[in-house]
Structures are given as C-alpha cells and as structure tokens.
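In this note's numbering, the protein residues as written are 3 to 167. Positions of the beta carbon are idealized from the N, C-alpha and C atoms, including for glycine.
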Ligand code: HEC
Ligand code: HEC
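Written as structure tokens, this is what we have:
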C-alpha cells in the first residue's frame, strides 16, 4: 500500500466516525430566553418593539460614576460630526432656558485632567455613554443591587485612617 492510500483511508475513518456521532438532545421541552418554546426549525413570532421610556423623570443611579440614563426620547436628534442636538439643551449655557440638567464638569476635562472652556472632544458623542431605556420586561433575571450611597473604603488611604482625623 502506498503512503497516500493510508492517509486517505485514515481520514475517511475519522470522517465516518464523526458523522455517525449523534448530537445529544436534552430531555424536556426546548426553551430559550429569547425564542421561547418555538422549535429551532420554525420562525418565532417577534415580540413588539418595546416603547422607549419617555417619562421625563430622572432615573436613579446605581453607583456614583454611572452615566445617567436618558429619560426622554431622542428620535431625530442629530448627533454626528456636523451637529450635536443634545447640546442645544444640555450645554451649560442652555440650562436655564431648556430646563435640562447641564452636562457635568467632568465633560470639560481632557484625559490629562486639564479643564477646557468647552465640551471635551472625548465627550462629544453622548450616546457612547448615555443610553435610552426600553419600557420592557427584562429577558433574564438580574439580582444586581445598586450602591445605596457613596462609601469610602476603609483602609490606610481612607478618611478614617489612624492619625488622619
Ligand atoms: C429639547 C431639549 C433636550 C434635548 C435636545 C436633549 N435633552 Fe436630555 N434632557 C432634557 C431635559 C429637560 C431633561 C430633564 C428630564 C426630562 O425632562 O426629561 C433631560 C435629561 C437628560 C438626562 C438625564 C440627566 C440626569 O441627571 O439624570 C440625560 C442623560 C440626557 N438628557 C441626555 C441627552 C442626550 C444624550 C441627548 C441627545 C441625544 C439629549 N439629552 C437631548 C432636555 C433635552
Ligand atoms: C465617556 C462617557 C460620557 C460621554 C461621551 C458623555 N457623558 Fe455625560 N456623563 C458621563 C458620566 C460618567 C456622568 C456621571 C458623572 C459625572 O457627572 O461626570 C455623566 C453625567 C452627565 C449628566 C448629569 C450631570 C449632573 O450634574 O448630574 C448629563 C446631563 C450628561 N452627562 C449629559 C451628557 C451629554 C449631553 C453628552 C454629550 C454632549 C454627554 N453627557 C457625554 C459620561 C459621559
């Protein structure tokens, strides 16, 4: 037998072995968090698109440095290199007129902590950090608990460190 026939025979053996291995089908009805119980070979009926939360009520924050979520619709607000509609209301100079919360002081800092006279370029695309909320039932359970308040970790650097009252 020539060497190549051995190689072909060996690879055919591997191929047929793999093909004959049956996938293990789990017992019980198929259930997927997003497809529900629709079998995999059928098309699931898509759920309605959830409405965007538009209650105009500022949402709580889960921790001190969380970018607050957007409590209003932003449909049609231009946000690209030519224009930033968000700033029409959220710029510090517009706050009194628009009633919107002015952007935080942190939005004027460069990465080297220098304060600029206008919005820092790295904060220009607001929706990179601030997101809308859908008025929808969560797809999966979640037990995350937000921080109740800002806490300073105890330790040598904390305000309660010995000798540093
Ligand atoms: C027409 C004015 C207007 C425009 C434009 C606007 N907002 Fe607002 N925004 C408000 C007002 C007013 C509030 C205060 C809560 C409310 O009334 O919805 C607010 C609240 C917010 C908050 C919550 C602030 C907090 O402290 O919790 C965020 C975040 C926000 N807007 C982001 C955006 C982003 C991002 C855009 C652009 C895509 C945008 N807004 C465009 C008026 C505006
Ligand atoms: C790189 C992430 C990032 C981007 C981009 C960004 N923000 Fe923020 N924003 C934050 C974080 C984090 C906070 C909360 C801490 C703080 O105030 O700095 C915040 C806070 C805010 C607040 C609440 C301020 C307050 O005093 O309660 C408003 C309003 C806001 N941002 C609007 C905007 C708008 C409008 C833009 C676009 C021009 C924008 N942000 C871009 C991260 C971002």
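Could you check whether the Cβ of residue i sits closer than 7 Å to any heavy atom belonging to ligand 2?
i	result
residue 144	no
Under the DSSP definition of a beta bridge, which residues are partnered with residue i?
i	result
residue 86	81
residue 111	117
residue 42	Its beta-bridge partners do not exist; DSSP assigns none.
residue 1	As displayed, the chain neither begins before 3 nor continues past 167, which places residue 1 out of reach and without an answer.
residue 34	38
residue 136	54
Please indicate yes or no: does the CB of residue i lie closer than 7 Å to some heavy atom of ligand 1?
i	result
residue 79	yes
residue 97	no
residue 52	no
residue 92	yes
Just to check my reading of the structure: residue i and residue j have Cβ atoms closer than 8 Å, yes? What is that Cβ distance to the nearest angstrom?
i	j	result
residue 91	residue 128	11 Å between Cβ atoms; not a contact.
residue 65	residue 116	Actually they do not touch by this definition, with Cβ atoms about 26 Å apart.
residue 49	residue 61	Residue 49 to residue 61, Cβ: 23 Å. No contact.
Using only CA atoms, which one of the options lies nearest to residue i?
i	options	result
residue 56	148, 145, 138	138
residue 146	63, 41, 108	63
Assess, as a yes-or-no matter, whether the segment 30-45 is touched by the segment 101-120 under the definition of 3 or more beta carbon pairs within less than 8 Å. These segments do not touch.
Counting pairs of beta carbons, one from the segment 58-78 and one from the segment 132-147, are three or more of them closer than 8 Å? yes
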